[in-house]
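To keep things clear, I will list the structure first and then write my remarks on it.
In this note's numbering, the protein residues as written are 26 to 332.
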């Protein structure tokens with residue numbers, strides 16, 4: 026199995042045709058093999074692969090940013106028929122990696138739907154490239170691997186290229202964090218998860234989000250993301266993005282700024298989304314409860330799904 030999947034990935038990069046995959050177990054593992062990175066099966070028939078930039082040492086306002094806080098690139102594949110999938114993702118790139126990766130993606134018919142910053146003042150400076158593709162999921166994965174190989178994004182884990190051992194289930198090991206997560210849950214009215222030294226919350230909107238007529242589940246980037254990294258003394262660094270309709274942008278912006286939370290970017294991630302959505306990125310480094318209350322004031326302006 027190991028050798029066959031490795032050969033499959035190499036063959037796909039060379040343009041060799043492959044059969045369609047119908048069942049989840051049939052298509053997800055070869056996708057990981059072609060991409061060079063294994064992922065996790067998510068609700069909505071989504072296969073999501075994390076691409077954290079663990080190779081980068083990024084600092085912002087004196088904080089060394091953990092990859093899970095703001096350097097967590099990802100790709101999410103969703104099977105839409107026996108022969109076709111949609112892939113969406115967010116690639117974290119250094120400035121010198123942007124053009125080589127973009128050129129490769131263009132050559133393989135992967136659309137670029139956005140290119141922008143998420144943070145300000147971070148060193149080294151990082152850019153975020155959002156991508157969209159339709160077609161055979163394994164061919165898409167091979168094309169993305171080819172592009173990512175032009176960056177220093179860590180790839181080629183043993184499971185993805187065909188190890189007989191299955192990927193470890195997410196959350197099999199308890200993770201601890203120096204943060205009052207119960208307070209955050211209480212203030213925000215939501216529960217998060219500890220991942221890589223960061224407390225992360227995903228908050229879906231009330232509406233169903235579509236891109237080009239296809240539903241975009243929470244695991245494909247349609248939900249509000251809020252991340253907290255403890256920095257000692259009861260303080261946290263926080264960043265993420267609010268997913269907003271046009272009428273929500275300025276009320277949310279004002280609520281965050283009134284509470285000492287900096288707005289670092291406002292932009293689109295998709296091209297043909299319904300409803301039309303804007304993504305607002307933010308940053309604060311302050312007392313954890315103060316930050317949580319400021320974010321709750323902003324969430325109160327958004328049409329989020331009921332808990």
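Beta carbons: idealized from backbone N, C-alpha and C, even for Gly. Just so you know, these numbers come straight off a predicted model, no measurement behind them.
For the candidate residues the options, whose alpha-carbon lies nearest to that of residue i?
i, options, result
"residue 25", "285, 77 and 327", "Missing from the structure shown is residue 25; the chain here goes from 26 to 332 and no further."
"residue 61", "230, 168 and 227", "168"
"residue 73", "81, 91, 270 and 97", "97"
"residue 282", "114, 89 and 318", "318"
"residue 113", "163, 129 and 241", "241"
"residue 148", "298, 87 and 230", "87"
"residue 221", "77, 121 and 245", "77"
"residue 161", "274, 109 and 116", "109"
"residue 64", "107, 253, 166 and 126", "166"
"residue 120", "315, 151, 70 and 316", "151"
"residue 99", "143, 116, 297 and 111", "116"
Start and end of the beta strand (DSSP E) containing residue i?
i, result
"residue 204", "Unbroken run through residue 204: none, as it is neither H nor E."
"residue 283", "Not the beta strand (DSSP E): residue 283 falls in the alpha helix (DSSP H), residues 271-283."
"residue 104", "97-104"
"residue 77", "71-77"
"residue 227", "223-228"
"residue 138", "136-141"
"residue 117", "110-119"
"residue 66", "65-67"
What are the boundary residues of the alpha helix (DSSP H) that residue i is part of?
i, result
"residue 220", "Segment 218-220 is the beta strand (DSSP E) holding residue 220; no alpha helix (DSSP H) there."
"residue 329", "Here residue 329 belongs to no alpha helix (DSSP H), and DSSP marks it neither H nor E."
"residue 163", "162-173"
"residue 132", "123-132"
Cα separation between residue i and residue j?
i, j, result
"residue 259", "residue 224", "14 angstroms"
"residue 202", "residue 132", "43 angstroms"
"residue 250", "residue 227", "5 angstroms"
"residue 21", "residue 291", "Past the edges of the chain, shown from 26 to 332, lies residue 21, and the structure says nothing about it."
"residue 272", "residue 237", "22 angstroms"
"residue 105", "residue 176", "29 angstroms"
"residue 320", "residue 310", "13 angstroms"
"residue 274", "residue 171", "37 angstroms"
"residue 141", "residue 154", "7 angstroms"
"residue 181", "residue 279", "43 angstroms"
"residue 27", "residue 57", "Unreliable placement is indicated for residue 27, whose pLDDT of 38 sits below 50; no coordinate value is reported for it."
"residue 208", "residue 308", "20 angstroms"
Assuming residue i and residue j are in contact, meaning their beta carbons sit under 8 angstroms apart, how far apart are those beta carbons, in whole angstroms?
i, j, result
"residue 264", "residue 94", "6 angstroms"
"residue 211", "residue 332", "Not quite, the Cβ-Cβ distance comes to about 12 angstroms (not below 8 angstroms), so this is no contact."
"residue 248", "residue 268", "7 angstroms"
What residues are listed by DSSP as bridge partners for residue i?
i, result
"residue 292", "304"
"residue 260", "257 and 312"
"residue 84", "89 and 148"
For chain B, check one thing: does any of its Cβ atoms lie closer than 7 angstroms to the Cβ of residue i?
i, result
"residue 237", "Looking for chain B here will not work: only one protein chain is present."
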